[in-house]
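Participant: In short: position in the sequence shown from 1, add 82, done, that's this note's numbering.
By construction, the Cβ of each residue, glycine as well, lies at the ideal position given by its N, Cα and C atoms.
In this text, all values refer to a predicted model and were calculated from it rather than measured experimentally.
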Amino acid sequence: MLDSTPHSEISQHLNKALETYFAQYYREKCYVGLFFKQGKRKMVQINVPAHDLPILLQAKPSENNDPDSGKNRPVIAGHADEVKDYLLKRIKRDKSWILGTLTANINPKRIELIELARGIGLVVIPRGVKLDITDGQHRKQAIHELVESSEGELIGDNDFPITLVLEEDFNQCQSDFRDMAQSKALDKSLLLSFGEFEGRVGITKNLIQQVPLFTNKTETIKNTPSTKKKLIYTTNFIAQMVSCAFANNTKVELEDLDVDQATNALVSCLNKFFSECSHTRPIFEIPIEYLTIEQVGDFKEDCLLGRYVGLEVLGRLLNSAYNKDDCHFDSVKITQLSQLDWSRGSQLWSGNIVTIDPNPKNPAKPYKISVSMSTVKIAVDQVKLHLGWIQPPQTPNLF
């Protein structure tokens, strides 16, 4: 039979009981915790206000090529700034955001655990006692710097979960970090595919649906498109082309662009280009179910537009045809680009993004494809000179 006691009355009794403990330990840090067991150890999860983290947590990264000098990975330069930038950008735009749970270690003898009932209790951490981070030091550093900055109020009213591993053995702490660090890094295409529908992410997702050369031919999860699955591109390839088309830079997020307007302009541009280009027209017009693996393989092998570097070159060239004032691509220039020889053997690419290896492993494939910034720039300038979009540099007259 269910207890008929009103919930409000139960809450009052619980609050009164908890308040007694909090009053008793007012000089220490005291948190409500959820106790559980995992991997032969007792653990407890607590939620900590942002302003407590700088005082409560400490990172002990390995240093000087000595893994035994710390309990977590060496600090990756710039990563904490990336986390901080993510938080500030989302908060200032009044958007939702999330940071994963931090994991810390403490010798259980240094804190007091008060178990109440059904895995619920209190964790009392004396003043001066710090929790050693085993996973999440970059997140902690980002929060720490924000809390102590002039923008601290933006994050000060938030709480962060910490999973506390009650472990006194230093070697086991290092093993715990190693085990947690073995998760595979997410591929860029997957991160983009799950990105918020704005800027270049939104435009890219629209292109994959509305440009036949990309539809059902794009790998949206992994970093490499599988020819056996008849995949030619990845989400990341297309996203970087989008950034180049609008900003001539592979990394610009294009958050200020209107997604629908930019999509319409680029979809129209690309569909015109791919349908007019003799190298892409067959792949553009044939639905994926009628394409053979051999056709896809030959296209990726013989045409630069079947590779990442070709899309980047195309994107940078489209930027020269882009009118930012009315978000429009010049149709005459698009046609000019479509008539270029985009095959690997074209003289346009020889010596820049395509070079010949004098001692190839496979004599049937002696070429090498370069994706460096310098070779891409040379290729783009070569095309502009060829089309008359820019004038050749003047040779100085020495007489």
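Output the boundary residues of the beta strand (DSSP E) element that contains residue 437.
Facilitator: The residue you call residue 437 lines up with position 355 of the sequence shown. Residue 437 -> beta strand (DSSP E) spans 436-438.
Participant: Got a sec? Which residues, its chain only, sit under 6 Å from residue 236 by beta carbon, not counting five neighbours each side?
Facilitator: If you number the sequence shown from 1, residue 236 lands on position 154. Hits under 6 Å: 173.
Participant: In three-state DSSP terms, what is residue 112?
Facilitator: Sequence index remark: in the sequence shown, residue 112 carries index 30 (1-based). In the structure shown, residue 112 sits in a strand (DSSP, three-state: E or B).
Participant: Would you tell me roughly how many angstroms separate the C-alpha atoms of residue 214 and residue 139, rounded to the nearest one?
Facilitator: Residue mapping note: residue 214 aligns to position 132 of the sequence shown, counting from 1. Residue mapping note: residue 139 aligns to position 57 of the sequence shown, counting from 1. The alpha-carbon atoms of residue 214 and residue 139 are separated by roughly 6 Å.
Participant: Measuring alpha carbon to alpha carbon, tell me which residue in 132, 225, 381 and 271 is nearest residue 309.
Facilitator: Position 227 of the sequence shown holds residue 309. Among 132, 225, 381 and 271, the Cα nearest to that of residue 309 belongs to 381.
Participant: Just to confirm, are residue 289 and residue 324 a CB contact at a threshold of 8 Å?
Facilitator: The residue labelled residue 289 in the question sits at position 207 within the sequence shown. The residue labelled residue 324 in the question sits at position 242 within the sequence shown. Yes. Within cutoff.
Participant: Starting from residue 194, trace the beta strand (DSSP E) in both directions and tell me its first and last residue.
Facilitator: If you number the sequence shown from 1, residue 194 lands on position 112. Note, residue 194: beta strand (DSSP E), 194-199.
Participant: Pick out whichever of 443, 339, 474 and 470 has its Cα sitting closest to the Cα of residue 410.
Facilitator: Your numbering for residue 410 matches position 328 in the sequence shown. Closest by alpha carbon: 339.
Participant: Count the other C-beta atoms from every protein chain shown that fall within 10 angstroms of the C-beta of residue 95, then say buried if there are 16 or more, exposed otherwise.
Facilitator: In the sequence shown, residue 95 corresponds to position 13, counting from 1. The residue in question, residue 95, is exposed, as its Cβ has fewer than 16 Cβ neighbours within 10 Å.
Participant: Let's see if you can read the secondary structure: which residues bound the beta strand (DSSP E) around residue 296?
Facilitator: As a working mapping, residue 296 is identified with position 214 in the sequence shown. Run containing residue 296: none; DSSP gives neither H nor E here.
Participant: Reducing DSSP to helix, strand and coil, say where residue 217 ends up.
Facilitator: Here the question's residue 217 lines up with position 135 in the sequence shown. In the structure shown, residue 217 adopts extended strand secondary structure according to DSSP, grouped into three states.
Participant: According to DSSP, is residue 240 part of a helix, a strand, or is it coil?
Facilitator: Reading the sequence shown from its first residue, position 158 is the one you call residue 240. Looking at residue 240 - three-state DSSP - the assignment turns out to be coil, as it is neither helix nor strand.
Participant: Taking the alpha helix (DSSP H) that residue 61 belongs to, which residues open and close that run?
Facilitator: The structure shown does not extend to residue 61, since the chain is modelled only from 83 to 481, so the question has no answer here.
Participant: Just to confirm, are residue 348 and residue 285 a CB contact at a threshold of 8 Å?
Facilitator: Counting from one through the sequence shown, the residue named residue 348 turns up at place 266. Counting from one through the sequence shown, the residue named residue 285 turns up at place 203. Contact flag set, yes.
Participant: Would you kindly work out how many angstroms separate the C-alpha atoms of residue 169 and residue 372, rounded to a whole number?
Facilitator: Start at 1 with the first residue of the sequence shown, and residue 169 comes out as number 87. Start at 1 with the first residue of the sequence shown, and residue 372 comes out as number 290. Roughly 46 Å between the two C-alpha positions.
Participant: Output the distance between the C-alpha atoms of residue 230 and residue 334, rounded to the nearest integer angstrom.
Facilitator: Here residue 230 is taken as the residue at index 148 of the sequence shown, counted from 1. Here residue 334 is taken as the residue at index 252 of the sequence shown, counted from 1. Straight-line Cα distance between these residues: approximately 29 Å.
Participant: Just how far apart, CA to CA, sit residue 400 and residue 394?
Facilitator: Locating residue 400 in the sequence shown gives position 318, where the first residue counts as 1. Locating residue 394 in the sequence shown gives position 312, where the first residue counts as 1. Those two C-alpha atoms are separated by around 10 Å.
Participant: Quick one: what's got a C-beta closer than 7 Å to residue 295's C-beta in the same chain, skipping five residues either side?
Facilitator: As a working note, residue 295 is residue 213 in the sequence shown. Within the same chain, Cβ atoms closer than 7 Å to the Cβ of residue 295 are found at 356, 362, 365 and 366, the five residues on either side in sequence being excluded.
Participant: Please report the residue range of the beta strand (DSSP E) in which residue 188 lies.
Facilitator: Start at 1 with the first residue of the sequence shown, and residue 188 comes out as number 106. 184-188 is the span of the beta strand (DSSP E), which, as asked, contains residue 188.
Participant: Taking the continuous beta strand (DSSP E) assigned at residue 203, which residues delimit it?
Facilitator: The count along the sequence shown starts at 1 and reaches residue 203 at position 121. From DSSP, the beta strand (DSSP E) with residue 203 extends over 202-207.
Participant: Distance, Cα to Cα, residue 436 vs residue 386?
Facilitator: Reading the sequence shown from its first residue, position 354 is the one you call residue 436. Reading the sequence shown from its first residue, position 304 is the one you call residue 386. The alpha-carbon atoms of residue 436 and residue 386 are separated by roughly 9 Å.
Participant: Determine which residues share a DSSP beta bridge with residue 410 and list them.
Facilitator: By 1-based counting over the sequence shown, the position of residue 410 is 328. Bridge partners of residue 410: 405.
Participant: Is the beta carbon of residue 351 within less than 7 Å of some heavy atom of the ligand MN?
Facilitator: Ligands displayed in this structure: none; no statement on the ligand MN is therefore possible.
Participant: Assign residue 249 to buried or exposed, taking buried as 16 or more other Cβ atoms, counted over all protein chains shown, within 10 Å of its Cβ.
Facilitator: As a first step, residue 249 must be located in the sequence shown, where it is residue number 167. With 16 or more Cβ atoms within 10 Å of its Cβ, residue 249 is classed as buried.
Participant: Could you check the C-alpha separation between residue 388 and residue 201 for me, to the nearest Å?
Facilitator: Counting from one through the sequence shown, the residue named residue 388 turns up at place 306. Counting from one through the sequence shown, the residue named residue 201 turns up at place 119. Going by the C-alpha atoms only, they are around 57 Å apart.
Participant: Taking the straight line between their C-alpha atoms, what separation do you get for residue 83 and residue 199?
Facilitator: Locating residue 83 in the sequence shown gives position 1, where the first residue counts as 1. Locating residue 199 in the sequence shown gives position 117, where the first residue counts as 1. No answer about residue 83 holds up, because its pLDDT of 42 lies below 50 and its placement is not dependable.
Participant: Do residue 274 and residue 332 have their C-beta atoms closer together than 8 Å?
Facilitator: As a first step, residue 274 is located in the sequence shown; it is residue number 192 there, counting from the start. As a first step, residue 332 is located in the sequence shown; it is residue number 250 there, counting from the start. The answer is no: Cβ separation not under 8 Å.
Participant: Closer than 6 Å by C-beta to residue 224: which residues in its own chain qualify, once you throw out the five before and the five after it? Chain order, please.
Facilitator: In the sequence shown, residue 224 corresponds to position 142, counting from 1. Short of 6 Å from the beta carbon of residue 224, and not among the five residues preceding or following it, lie these beta carbons of its own chain, in chain order: 162, 165 and 166.
Participant: Who does residue 449 pair with in a DSSP beta bridge?
Facilitator: Sequence index remark: in the sequence shown, residue 449 carries index 367 (1-based). In DSSP, residue 449 forms a bridge with 438.
Participant: What whole-angstrom Cβ distance do residue 216 and residue 183 have, given they're in contact under 8 Å?
Facilitator: Numbered from its first residue, the sequence shown carries residue 216 at position 134. Numbered from its first residue, the sequence shown carries residue 183 at position 101. The pair is not a contact, with the Cβ atoms about 12 Å apart (cut-off 8 Å).
Participant: With distance defined between alpha-carbon atoms, name the residue in 112, 251, 307 and 99 nearest to residue 390.
Facilitator: Counting from one through the sequence shown, the residue named residue 390 turns up at place 308. Of 112, 251, 307 and 99, the residue nearest in Cα terms is 307.
Participant: Pick from 270, 311, 369 and 420: whose alpha carbon is nearest that of residue 379?
Facilitator: Residue numbering aside, residue 379 sits at position 297 when the sequence shown is read from its first letter. Of 270, 311, 369 and 420, the residue nearest in Cα terms is 311.
Participant: Mapping the DSSP letters down to three states, classify residue 247 as helix, strand or coil.
Facilitator: Counted from its first residue, the sequence shown places residue 247 at position 165. Strand.
Participant: Count the other CB atoms, across all protein chains shown, that sit within 10 Å of the CB of residue 258; report buried if there are 16 or more and exposed otherwise.
Facilitator: Along the sequence shown, one-based indexing puts residue 258 at 176. The residue is buried, with at least 16 neighbouring Cβ atoms inside 10 Å.
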